[in-house]
Amino acid sequence: MTGSAYSQVTSSPYSMFGLGTPEEQSSGFSKGMGGTGIGFMSDQYINMQNPASYSGLDSLLSIFEVGVFGKYTRFSTIKENQSLVNGNLKYILMGFRISKRLSTSFGFTPYSSIGYNINSTSVLGGSVQSFDKEYSGEGGVNQVYLGGSLKIFKNLSAGVNAYYLFGNVTHSEASSALAYSLKDITYVSNITFRYGLNYHFDVKSSNFCIGLIYSNGKALNTSNVTTVTTNTGTTELKNRTHNYSIPQDFGAGLSFRKGYFHAGVDFERSIWKDIKFENPLIQGRTSNRISLGVEFPSLGLNKGTSRMMFYRFGAEYKGSPYIIQGTPVNYYGVTMGAGIPLKGVVSVVNVSLELGQNGIRTKDLFRENFVTLHLDFALRALWFQKQKYM
Amino acid sequence: MKSKGEGKWLRKFLSFTKSFIVLSVILGSEALTNLSCTKSGEFTVGKDFIDAETNVAIVDTFKTDVSTIFLDSVRSSQTGLGYVGFYRDTVLGSINCESYFDLKYSEFTAPGDRASFDSASFIFTYSKASYGDTTSAISIEIHQLSSMIAVYTDGYLYNTSQISYSPVAVGRKTFYPNPNSADTLLKIPVNGFGEELFTLIKNGDERLSSAELFNDYIKGFVLIPDSTQGNSVIGLKADNNHVLLKIYYHFEDVGPVEKEISINMGDAAHQFNRVRSDFSGTPLDGIKTSHRVSSVNTYNRAYMQGLVGLVPKIQFPTLQNLFLSSQWKILRSELIAAPVANSFDVFKLPTKMYIYDTNKSNVILNILTDSKNVPLVATFNYDNLYNEDTRYTYDISNFINAEISDMFFDYNHALAIGLSESGLKSSLDRLIVECKNPPVKLRVFYLSY
């Protein structure tokens, strides 16, 4: 049996757990390098993975980046295959240097997304009959952040992103046959922080950069609105609560640069273990992420111009944040990308293609294979500088 | 230098913000218009680990108290159907049906002195509705009424209405009814009465000169069964065109040319059936009108019969228990009633059963309707193979939900199952409801969360 669905933010049936599917915090260049970015400090792009990286922003450049994605996912269980196409805005980021020591970035990006639509059947208690039931979920957590980075010494920077998390976790159940529906909306919000350090040093003509990040875990503030609708009307249910938390997270990254050649590795650990999932089948666990990536220019490693193209390759492994009845839903992916310079308002388009796999096919579980096209439009300073000299 | 620097940053910030907003709007709206088409097909992946928040269960353990109401009276006039006959069985005792009507006046033209009376007959047409053993001969008498038929102030007559009639029959016939034959007419000779009327017509008698005088002279007729012959009730069409009095005559000097005078049935509002029942020796022996007898006292049965005025009443003594829990809703409520096995050989099961609400006084209030205000009809399941699943199922969700909406269930606000409003007054259809094995069930689809 094969089916397909198109929907807006619909991501995955796995997004029914917790706050939904956690979104990658990588952007632009990093998308083509397996999401590697903790140890990078770029003067060309905003690297929100490590807030200390903003110190690398060129004093003459102000950067504005917009990311969008389109994703094709194929879900397969042992018995069936289904596919889905979705896409959306991924982030809007800005960054610039305020003074010699201080740089800033702010923007909007999702923290997690929920989108699923599952047709199922349910047993009619006290009988041998069953009825059709549709489950759906939507929402997710968005974040707006304001970050700052301070160059403490020539080679050492420290940064922080302050996030305001807001959004909702919405699960719905409905049966058209029995003419009822339940909609359970939990509005979530809170302020969290991500701290970062960046230290770079030269060894002969090569440059190395070490990055460290840390986010504290936190429970989110919640308020619930659950309604049940039947033929006789809609009732709001009182005193329902769902608790959601974000995990403690730390990571380290190392990057190497020689001329225009870049390479890097990331290691990140998220402590989902302490986070309770309401679904009794789900248990949080410690999740590790490992990624590596390279970037090199089209014209040879040392003959750089502002109009050259960059190629990027990367690979990523991300351990499941939870286990479902003992089985983790791990992610593996490879990426390739290019940074294409343009003339005009948009100075660079970063294109990357991610081939990924999530989960495994077992008796009860399913695998997601997906191809994601990421597009990142970077607007650089020249546009703004023109205005300045008008 | 410092202030110049600050101005530069401010300009930079403002232009950033402007472009941020413009681009956000463009990209945001594009994302929405291009990607927001949601089409969820048969997407089932992931169903195995849904943590459902709702459950639906069928609860059919609510007790039902079933009884039989003997209605005070049943409206029986203006139905276009006349019933005559006597039927007796061990289930509900005997039913005696008498059919009343009057004649329509029209100006009579005297046929002249040479006209000579031949015969006179009432002519009736069978309706399809007959009950009992119609293969045995029955005997019917026709009597002239001694008082005029007068309706009650509400314009109707009832199964209990009485009109006095002459003890002497004007006609009588013993015959094998043939109710299923479309073209067979029932003729009852009334020669004596016919000749008398013919003479009056011939003489231009004053008593036939106006409708008032005519109806005062011929007040009406009643068909009366002979309870000692046969065991059936036959249905006759009772309207102006199907009830006729015909007087046949000929002219002496013209030869054998038969002539006739035809008089039609009169006011449709005056046509009614009187139905008397005698429950002696049955479980309902002693039941009083407007009262009810619990099925516990009638061998776990409840009775319905149209013109007799028997209606099963159903009450829900334990539904109040619903309110013990608060996290629930009723999605659907069904009432399921099955007929007593082998109880519908003589009286075929009605295929269309309706439902009414009733009160403590055992008065039928209103017919229950669905959400479109159409009378609620039971889903009839006829198991002609094993005869086990024959049952009537009513969707009484609206009634139950309205009843519980104030968090109180009124035991006395009960249900009564019966024929349609017209069927109740125009048929003798019978249903005997099984109350124990299986009991009358209230099946509630119960949503909990």
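If you read the protein sequences in the order shown, they are chains H and L. Read in order, the letters of the first sequence correspond to residues 1 to 390 in the numbering used here. Read in order, the letters of the second sequence correspond to residues 391 to 839 in the numbering used here. Yeah, the Cβ is synthetic: ideal placement off N, Cα and C, and Gly gets one too. In this text the structure is predicted, and so the values were computed from the model without any measurement.
| Query | Result |
| --- | --- |
| Ser-55/H: contacting residues in chain L (beta-carbon distance under 7 angstroms) | Those do not exist, as Ser-55/H stays about 17 angstroms from chain L at its closest Cβ, beyond 7 angstroms. |
| Where the beta strand (DSSP E) through Phe-96/H begins and ends | 81 to 97 |
| Extent of the continuous alpha helix (DSSP H) run through Ile-528/L | Premise fails: Ile-528/L lies in the beta strand (DSSP E), 528 to 535, not in any alpha helix (DSSP H). |
| First and last residue of the uninterrupted alpha helix (DSSP H) at Asp-606/L | 601 to 607 |
| is_contact[Val-830/L, chain H] using C-beta, thresh 8 angstroms | no |
| Host alpha helix (DSSP H) of Lys-31/H (start-end) | 28 to 31 |
| Min CB distance Leu-124/H to chain L below 8 angstroms | yes |
| Residue environment, Asn-756/L, which counts as buried when at least 16 other CB atoms sit within 10 Å | exposed |
| Proximity below 8 angstroms, CB of Ile-246/H to CB of Lys-276/H | no |
| Proximity below 8 angstroms, CB of Leu-375/H to CB of Val-348/H | no |
| Where the segment 725 to 752 of chain L meets chain A: residues whose CB sits under 8 angstroms from a CB there | In the structure shown, chain A does not exist; the protein chains are H and L. |
| Straight-line gap, Tyr-839/L to Asn-711/L (C-alpha atoms, nearest Å) | 18 angstroms |
| Opening and closing residue of the alpha helix (DSSP H) in which Ala-315/H lies | Counting along the chain, Ala-315/H falls outside any alpha helix (DSSP H), though it belongs to the beta strand (DSSP E) covering 310 to 318. |
| Where the beta strand (DSSP E) containing Lys-71/H begins and where it ends | 62 to 76 |
| Euclidean distance between Cα positions of Leu-635/L and Thr-769/L | 44 angstroms |
| Chain-ordered residues of the segment 166 to 185 of chain H with a beta carbon less than 8 angstroms from chain L | His-171, Glu-173, Ser-175, Leu-178, Ala-179, Tyr-180, Leu-182 and Asp-184 |
| Start-end ranges of the beta strand (DSSP E) lying completely within the segment 187 to 249 of chain H, minimum 3 residues | 206 to 215, 221 to 230 and 233 to 237 |
| Residues near Glu-386/L by beta carbon distance below 6 angstroms, same chain, minus five either side | It is not possible to answer for residue 386/L, since the shown part of chain L is limited to 391 through 839. |
| One or two residues paired with Arg-682/L in a DSSP bridge | Ile-459/L |
| Span of the beta strand (DSSP E), counted from its first residue to its last, around Phe-789/L | It is not in any beta strand (DSSP E) - Phe-789/L instead sits in the alpha helix (DSSP H) that spans 787 to 794. |
| Close Cβ partners of Thr-21/H (< 7 angstroms) along its chain, the five nearest in sequence each way excluded | Ser-11, Ser-12, Tyr-14, Ser-15, Ser-112 and Ser-113 |
| Rounded straight-line distance, which links the Cα of Leu-150/H to that of Arg-97/H | 10 angstroms |
| Cross-chain neighbours of Ser-127/H in chain L, by beta carbon under 7 angstroms | Ile-448 |
| Residues near Ser-105/H in its chain [Cβ-Cβ closer than 7 angstroms; skip 5 each side] | Ile-46, Met-48, Tyr-54, Leu-93, Met-94, Gly-95 and Gly-147 |
| Beta strand (DSSP E) runs wholly inside the segment 485 to 573 of chain L, at least 3 long, in chain order | 505 to 515, 521 to 523, 528 to 535 and 555 to 565 |
| Ile-624/L versus Gln-552/L - alpha carbon distance | 20 angstroms |
| beta-carbon Ser-287/H near the ligand GDP non-hydrogen atom, thresh 7 angstroms | Annotation note on the ligand GDP: not contained in the displayed structure, which lists no ligands. |
| Against chain H: residues of the segment 766 to 790 of chain L by CB proximity under 9 angstroms | Ser-787 and Asn-788 |
| Cβ of Phe-835/L within 8 angstroms of any chain H Cβ | yes |
| Proximity test, Cβ basis, 8 angstroms: Glu-443/L and chain H | yes |
| Ala-500/L versus Ala-659/L - alpha carbon distance | 30 angstroms |
| CA nearest to the CA of Phe-153/H, picked from Phe-201/H, Arg-367/H and Gly-87/H | Phe-201/H |
| Backbone secondary structure at Tyr-145/H - three-state DSSP | strand |
| First and last residue of the uninterrupted beta strand (DSSP E) at Leu-292/H | 286 to 297 |
| Nearest-angstrom beta carbon gap, Ile-704/L and Leu-461/L [assumed within contact, 8 angstroms] | About 16 angstroms; that fails the 8 angstroms criterion. |
| Residue-chain proximity (Lys-394/L, chain H), Cβ-Cβ < 8 angstroms | With a pLDDT of 48 at Lys-394/L, under the threshold of 50, the predicted position of this residue should be treated as unreliable, though the coordinate-derived value follows. No, Lys-394/L lies away from the interface with chain H (no Cβ there is under 8 angstroms from its Cβ). |
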